[in-house]
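Novice: Residue numbers (this note's numbering): 1074 to 1294. The structure follows.
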Amino acid sequence: MTKLIISDTHLSKFNQRQFNFLKDLIEPVDQVIINGDFWDSWCVSFEKFVNSKWQDLFDLLLEKNTIYIYGNHDPKHLSDERCSLFAVETCDSYQFELFGQKFHCEHGHRLTTGFTMGKFINFYDKIFRRRPKILCYLIAKSERILFSLFPKIGQHSKVGQHTNRILKENLNADYINIFGHSHNADLDFTNNFINTGSIMCKHASYVLIDDKDIRLEKTRY
C-alpha cells in the first residue's frame, strides 16, 4: 500500500506540463490524499474547473480512492457535490493509520494566526457575499510569475517558514501531522511534522508513505 499526499497544486488554467506530471505521479500509487488547494478559486470558478481539461484526471483520482481535504483557496462553500467526480471522501481533516503509526492530515490555514491576504479575501466574501475577483486574480497571477522567476521565494520564503513554525505549535501529539498551505516542504520527524510543499510553477514536492518508509520527494517537471 503506497499513499501519495499532495497539496497546493492550485489548478486553474489548464497546463499540460503540470497535468502530465500529476498523471505520472498518481498512476503507480494505491491511494491519493489531496491536502488542500487542489483548484484555485482566486483564478477560476468551480464550475469552470470541473468542466475544464483537468477533468481528464478525475477518473484516475477516483480509481485511487482519493481523499479530498479542503484548503483556503478551494473552500467547501465554493464547491458542490461534484467533488465526487474525483474524490470518494471530502473533509476538513483526515486521519489514518499505517504500519502502526497514526497520521493526521489537514491543509493548515485554520491553524494560522495574524492577518493574511487570504483572511481578508474570506472576510470580504462573508460581508459582501462575493469575492473581489480582480484582486484575487491579480494576486494569484503575480505570485505565479514571481515563483516561476524565483522558485526559492516560493519554496523557502520567510512567510512560509513562519507559517510552518506556527503549525508546529498546533500539532496533534498522538499523530504524525501532515500539512500544506505554506508551500515550504519540510520533513521533521523530531516534531512529528511534515509539510508537503506544493506542485506548481514547474517545481514539485510531495509525500509518499508505504509500509517501509515515509519520503518527502522534491523535483522539477
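Glycine included, each C-beta is placed from N, C-alpha and C at the ideal position. Just so you know, these numbers come straight off a predicted model, no measurement behind them.
1. Does M1273 pass the burial test, meaning 16 or more other C-beta atoms within 10 Å, or should it be called exposed?
2. Pick out whichever of I1099, Q1089, K1086 and F1087 has its Cα sitting closest to the Cα of I1079.
3. Buried or exposed: Q1091, going by 16 or more other Cβ atoms within 10 Å of its Cβ?
4. According to DSSP, which residues form a beta bridge with R1293?
5. Which residue comes first and which comes last in the beta strand (DSSP E) that contains P1166?
6. Suppose the cutoff is 7 Å on Cβ atoms and the five residues either side in sequence are ignored; what does the same chain contact list for G1253 look like?
7. Rounding to the nearest angstrom, what Cα-Cα distance links Q1234 and S1255 in this structure?
8. Kindly identify the DSSP beta-bridge partner or partners of W1112.
9. How close, in whole Å, do the beta carbons of N1237 and N1250 come, if the pair is a contact with beta carbons under 8 Å?
10. Could you spell out where the alpha helix (DSSP H) holding K1231 opens and where it closes?
11. How is F1223 classed by DSSP in three states: helix, strand or coil?
12. Whether or not the segment 1118–1130 and the segment 1212–1220 are in contact is what I'm after, with contact meaning three or more pairs of Cβ atoms, one per stretch, closer than 8 Å; do they touch?
13. Return the Cβ separation of Y1248 and K1175 in integer angstroms, given the expectation that the two are a contact with Cβ distance under 8 Å.
14. Taking 8 Å as the cut-off, does the segment 1163–1174 touch the segment 1120–1133 (at least 3 CB pairs, one atom from each stretch)?
15. Assign L1266 to one of three DSSP states: helix, strand, or coil.
Specialist: Reading from the atomic positions:
1. buried
2. I1099
3. buried
4. H1276
5. With the sequence shown as reference, residue 1166 is identified as Ser, and Pro is not the correct amino acid for it. Segment S1166 to L1171, the beta strand (DSSP E) holding S1166.
6. S1080, D1081, N1108, G1109, D1110, G1144, H1180, G1181, N1268 and T1269
7. 7 Å
8. L1084
9. No, N1237 and N1250 are not in contact; Cβ-Cβ is about 11 Å, not under 8 Å.
10. K1231 to K1241
11. coil
12. no
13. 5 Å
14. no
15. For the record, residue 1266 in the displayed sequence is Phe; it is not Leu. Correct three-state label for F1266: strand.
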